[in-house]
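One structure is given here, and the rest of the page talks about it.
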Amino acid sequence: MKITIYFLLALIITSCVKNTKYPFKLEKELIKTGFIKTSIEKETTGHIILSVKINEKKARFVFDTGASNSVIDENQKERLNINAAISDIVATGAGRTDIPIAIAKNVKLEINSLLLDNKEFIVMNLDHVNLAIMDYNGQSVDGIIGSDILTEINAIIDYNDLNIFIK
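Per our numbering, the sequence shown starts with residue 1, numbered consecutively.
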């Protein structure tokens, strides 16, 4: 049994060593197939931040692969030229329940040179998110990019080099 454990441990360790003899150039292959490389930043809290444009206005959005919908902070509605209709639906998540929301349609989202017209976003108060980020000396965000958009743009996240590849 001990020999088997040592063998498995050695196998795991050697498989984690970087292969420098035949490095796989993921970035090169992705760009060849039409993906766009965009830089991302890591916030002091560990959140991944993406700079985007919403209706041609610069904005900071946090990635949340666990969020089913993308969100714009209601405090940024005016600055980002967002028209939203109040919804009967309430949102849950991030430790809170019954957060009233509005729905914004026809939002223009730009990520690097990728333009997505007529996007739908949830509009809700993100004070609880921004307060948590600022508690760790981070900068506030204007919204959340959720899995709805991440899957649409075929997002591939390179956490090591802080890039996202989109198409």
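Cβ coordinates follow ideal geometry from the N, Cα and C atoms, glycine included.
In this structure, the straight-line span from the alpha carbon of Leu150 to that of Val90 is close to 23 Å.
Ranking Ala59, Ser68, Gly66 by CA distance to the CA of Glu78 puts Ala59 first. When DSSP assignments are scanned along the stretch 14-93, the uninterrupted stretches of alpha helix (DSSP H) that are 4 or more residues long and fall wholly within it turn out to be 26-32.
Out of Pro100, Ala85, Ile86, the CA that lies nearest to the CA of Thr92 is found in Pro100. In this chain, Val141 is not harboured by any beta strand (DSSP E), its DSSP state being neither H nor E. Contact annotation: the stretch 49-63 touches the stretch 139-147, with at least three C-beta pairs closer than 8 Å. Taking 8 Å as the cut-off, the beta carbon of Ala84 is found closer than this to the beta carbon of Val123.
For Ser147, the CB contacts under 7 Å within the same chain, skipping 5 residues up- and downstream, are Thr65, Ala67, Ser68 in chain order. With respect to the C-alpha of Val107, the residue from Ile86, Ser70, Asn137 having the closest C-alpha is Ser70.
The C-beta separation of Ile111 from Ile166 comes to about 6 Å, placing the pair in contact by the 8 Å criterion. Taking C-beta atoms under 8 Å as the contact rule, Ile72 and Ala104 qualify, at a distance of about 6 Å. In the structure shown, the three-state DSSP call for Ala132 is helix. Short of 6 Å from the beta carbon of Leu80, and not among the five residues preceding or following it, lie these beta carbons of its own chain, in chain order: Ile54, Asn55, Lys57. Assignment of Ile164 by DSSP, reduced to helix, strand and coil, places it in the strand class.
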